[in-house]
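Residue numbers (UniProt numbering): 1 to 161.
In structure tokens:
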């Protein structure tokens, strides 16, 4: 049986809860992508053009520092990656995670949380960040309506890879 890592970024706790539920169901290890400087409520005010998250998301090269380095991924075949959707894509801190390690030979299964926005071209962006040596599967938006049983069926569908 191959090892799985659930890596996630959660600014408000929503993605964290789902990621931990998935990790429990999949018997996976967990890595929280935590920014070195935590986001405040003011940082997350998307209506404020000077808010930290708005400024970061406007710069495609922004790579906020992480509090902890990416763990050794050599023993993992599958990385389940969770994050909220910000401005139609993954947050910049997730880009930091994706560009801080070698994902060659890994299967990455992204999921996002949002009030309604889907993943759009997020999986394509992730593939570009990790390179062709990794396989990024089609991601899924996870809302309150999705059961753990549905998610397990979705993940199990990738086991053939």
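Every residue gets a Cβ at the ideal spot worked out from N, C-alpha and C, and that includes glycine.
Cα-Cα, which of the options is closest to residue i?
i          : options           : result
residue 59 : 7, 116, 99 and 92 : 92
residue 38 : 49, 61 and 65     : 65
Check whether the Cβ atoms of residue i and residue j sit closer than 7 Å, and answer yes or no.
i           : j           : result
residue 79  : residue 34  : no
residue 157 : residue 120 : no
residue 90  : residue 67  : no
residue 106 : residue 134 : yes
residue 6   : residue 23  : yes
residue 136 : residue 18  : no
residue 147 : residue 77  : no
residue 20  : residue 4   : no
Measure how close the beta-carbons of residue i and residue j come, nearest whole angstrom, since I'm counting them as under 8 Å.
i           : j           : result
residue 162 : residue 129 : Residue coverage of the chain in this structure runs from 1 to 161, which leaves residue 162 outside it and unanswerable.
residue 114 : residue 85  : 4 Å
residue 63  : residue 99  : 7 Å
When burial is assigned at 16 or more other CB atoms within 10 Å of the CB, is residue i buried or exposed?
i          : result
residue 12 : exposed
residue 40 : exposed
residue 74 : exposed
residue 56 : buried
residue 82 : buried
residue 15 : buried
In angstroms with no decimal places, state the Cα-to-Cα distance between residue i and residue j.
i           : j           : result
residue 51  : residue 44  : 7 Å
residue 123 : residue 131 : 12 Å
residue 47  : residue 138 : 30 Å
residue 118 : residue 72  : 30 Å
residue 155 : residue 69  : 26 Å
residue 30  : residue 116 : 26 Å
residue 149 : residue 112 : 17 Å
residue 10  : residue 140 : 16 Å
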